[in-house]
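Novice: After the structure tokens below, expect a handful of questions from me.
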Ligand code: HAM
């Protein structure tokens, strides 16, 4: 039997209502905040991701699905949406448009990670990117959008953590100070972090391995190396969050796994999620547009993982397609008349169904019950001869006979009287 690829999941009809609720809520909130939908390609030139996410990040070093196109060009399935959105923003010269450039996207992303609950190789993100505004209120705006939409979904145990990553020059000042400290505790670090001292020392700070956390307990803090401008920006971000009542925690260890961030970095975690507890994350990335060949355009955004949100929604949320009317047509003539009636009901806006396999009234009624229909229309060859049919209330089991010509209006009246 053929099976799906490891870390790649089917979403069966029992699960899709939850996903639709998440997607609709996210889109509604994004629209309310003035973000417009953008649809970017699933694959891009590999260099786009290497240049934006950073050559020494886990994503680029070991998690990308990369393959050669027929002409040898290296292509990669998108591991995230920011790089592609920036590429599109530049390619279509959106910088020249004076209107706010605020985009949202939704779709599959691909990372070759070790699969576990909440961590997949094909996963889905909803993300937003806001271009052109250096004002700290843009940071507050995207964080509040993230917070409001997750709160609207009533997810339990959420925490918004924020940190100030400063400017690239601030981090350049801080790096040798941190490296000197890390070299002193090198033997206590995991293999990955020992390697990171050379390649990406800041990432050691948010390693989840308990020994690494202990060893870096007293590490010098980036906050102490920040310039006044970076501090001022962050102060205005925290003041802004307080001003609109968004609760947050400062986490000086929060260092993002993508290299393009500066100043504000944030993450929303959920205490109910276990090891993969980040529901969503983002930050400011003022240097990225320029790094990819454009002007110096400030930007800020976030992405949430839809699988992780779905894990936190109550299981009983299943709004699957329940027919309101089931057409139980049996007998050679009645089957065809019933099929035409079903078509008429559907065109009138009624959610109706029938089962073409059922041959007897009993089999039809069993199926109507299984599907949860409110009413059944019973139609045998005798009724067809008389031009009538019976409406059965599936809950009370009451039955009433009507002319076929009156059936549609009668059902519409019954259904509109129900919640
Ligand atoms: P990220 O932190 O790499 O950031 O991913 C954002 C979210 O995607 C995570 O918090 C998590 O919920 C979800 N996620 C990531 N990897 C997986 C996985 N393997 N399986 C399931 N869910 C996953 C970004 O991608 C940035 N582009 C966010 C951003 C937008 N920053 C600025 N704008």
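Residue numbers (the numbering used here): 64 to 482. Even glycine gets a Cβ: it sits at the ideal position worked out from N, Cα and C.
Could you check if residue 186 belongs to the surroundings of ligand 3, using beta carbon to heavy atom distance under 8 angstroms?
Specialist: Looking for ligand 3 in the displayed structure turns up nothing; the ligands present are ligand 1.
Novice: In angstroms with no decimal places, state the Cα-to-Cα distance between residue 398 and residue 388.
Specialist: Distance between the alpha carbons of residue 398 and residue 388 is about 16 angstroms.
Novice: Nearest by alpha-carbon distance to residue 337: which of 182, 266, 139, 177 is it?
Specialist: The residue with the shortest Cα to Cα distance from residue 337 is 182.
Novice: Hey, would you say the C-beta of residue 182 is under 8 angstroms away from at least one heavy atom of ligand 1?
Specialist: Indeed, a heavy atom of ligand 1 lies less than 8 angstroms from the Cβ.
Novice: When you compare only the Cα positions, how much space is there between residue 197 and residue 248?
Specialist: Near 38 angstroms, if we compare the C-alpha coordinates of residue 248 and residue 197.
Novice: So residue 174 and residue 122 are in contact, right, with Cβ under 8 angstroms, and what is the actual spacing, rounded?
Specialist: That belief holds up - the Cβ atoms of residue 174 and residue 122 are roughly 6 angstroms apart, short of 8 angstroms.
Novice: Tell me which residue opens and which closes the beta strand (DSSP E) that residue 345 is part of.
Specialist: Unbroken beta strand (DSSP E) run through residue 345: 341–347.
Novice: Where do the ends of the beta strand (DSSP E) carrying residue 463 lie?
Specialist: Looking at the DSSP string, the run of the beta strand (DSSP E) that includes residue 463 is 462–466.
Novice: According to DSSP, is residue 132 helix, strand or coil?
Specialist: Three-state result, residue 132: coil.
Novice: For residue 188, count the other beta carbons within 10 Å of its own beta carbon; 16 or more makes it buried, fewer makes it exposed. Which is it?
Specialist: Per the 10 Å Cβ criterion, buried.
Novice: What number of angstroms, rounded off, separates the C-alpha of residue 266 from the C-alpha of residue 223?
Specialist: Using only the alpha carbons, I get a separation of about 19 angstroms.
Novice: CB of residue 341 to nearest heavy atom of ligand 1: below 8 angstroms?
Specialist: Indeed, a heavy atom of ligand 1 lies less than 8 angstroms from the Cβ.
Novice: Hey, which unbroken runs of the beta strand (DSSP E) at 3 residues or more fall wholly within the stretch 171–236?
Specialist: If we require 3 residues or more, the beta strand (DSSP E) runs fully inside the stretch 171–236 come out as 185–194, 221–227.
Novice: For a test of your reading of the model: does the CB of residue 300 fall under 8 angstroms from any non-hydrogen atom of ligand 1? Yes or no.
Specialist: No, since every heavy atom of ligand 1 falls outside the 8 angstroms radius drawn around the Cβ of residue 300.
Novice: Check for me: the alpha helix (DSSP H) holding residue 439 runs from which residue to which?
Specialist: First-last for residue 439: 438–442, but that is the beta strand (DSSP E), not the alpha helix (DSSP H).
Novice: Name the two residues that bound the continuous beta strand (DSSP E) containing residue 333.
Specialist: Unbroken beta strand (DSSP E) run through residue 333: 325–333.
Novice: Whose C-alpha, out of 330, 386, 141, 165, is nearest the C-alpha of residue 152?
Specialist: Residue 152 has its Cα closest to that of 165, out of 330, 386, 141, 165.
Novice: With a threshold of 16 other CB atoms inside 10 Å of the CB of residue 361, please say whether the residue is buried or exposed.
Specialist: Answer is buried; the Cβ neighbour count reaches 16.
Novice: Leaving out five residues on either side along the sequence, give the residues of the same chain with a beta carbon under 7 angstroms from the beta carbon of residue 428.
Specialist: Closer than 7 angstroms at the Cβ level, and outside the excluded window around residue 428, lie 391, 439.
Novice: Go ahead and label residue 74 buried or exposed: buried means 16 or more other beta carbons lie within 10 angstroms of its beta carbon, across all protein chains shown.
Specialist: Residue 74 is exposed by the Cβ-count criterion.
Novice: Hey, residue 376 and residue 102 are a contact pair by Cβ (cut 8 angstroms); roughly how many whole angstroms apart?
Specialist: Actually they are not in contact, since the Cβ atoms of residue 376 and residue 102 sit about 25 angstroms apart, beyond 8 angstroms.
Novice: In whole angstroms, what separates the C-alpha of residue 407 from that of residue 425?
Specialist: In a straight line, the C-alpha of residue 407 is about 24 angstroms away from that of residue 425.
Novice: If residue 23 and residue 289 are in contact, beta carbons under 8 angstroms, what's the gap, nearest whole angstrom?
Specialist: Residue 23 lies beyond the range of the chain shown here (64 to 482); nothing can be said about it.
Novice: When you compare the CB of residue 305 with every CB in chain D, is at least one pair closer than 9 angstroms?
Specialist: The structure shown contains no chain D; it holds only a single protein chain.
Novice: For residue 282, which residues of its own chain have a beta-carbon under 6 angstroms away from its beta-carbon, when the five flanking residues on both sides are left out?
Specialist: Cβ within range, chain order: 244.
Novice: Tell me which residues share the same chain as residue 444 and place their Cβ nearer than 6 angstroms to its Cβ, disregarding the 5 neighbours each side in the sequence.
Specialist: Closer than 6 angstroms at Cβ, skipping near neighbours: 394, 396, 397.
Novice: For the beta strand (DSSP E) containing residue 391, list its first residue and its last residue.
Specialist: Unbroken beta strand (DSSP E) run through residue 391: 388–392.
Novice: Below 8 angstroms CB to CB, which residues in the same chain sit around residue 450 once its five sequence neighbours on both sides are set aside?
Specialist: Here the set comprises 466, 467, 468.
Novice: Let me know if residue 385 comes out buried or exposed under the rule of 16 or more other beta-carbons within 10 Å of its beta-carbon.
Specialist: Flag for residue 385 reads exposed.
Novice: Would you check whether ligand 1 has a heavy atom nearer than 8 angstroms to the C-beta of residue 348?
Specialist: Under cutoff, so the answer is yes.
Novice: By DSSP, does residue 106 sit in helix, in strand, or in coil?
Specialist: Three-state result, residue 106: strand.
Novice: Only counting the same chain, and skipping five residues up and downstream in sequence, which positions put a Cβ closer than 6 angstroms to that of residue 201?
Specialist: Once the five neighbours on either side are set aside, the close Cβ partners of residue 201 are 193, 363.
Novice: So what does DSSP say about residue 450, is it helix, strand or coil?
Specialist: DSSP places residue 450 in coil when its eight states are reduced to three.
Novice: According to DSSP, is residue 139 helix, strand or coil?
Specialist: Of the three classes helix, strand and coil, the one that applies to residue 139 here is strand, per DSSP.
Novice: Cutting at 8 angstroms between CB atoms, please list the residues of its own chain near residue 108, excluding the five before and the five after it.
Specialist: Contacts found: 136, 137, 138, 139.
Novice: With a threshold of 8 angstroms (Cβ to nearest heavy atom), would residue 344 be considered close to ligand 1?
Specialist: Flag set: Cβ of residue 344 near ligand 1.
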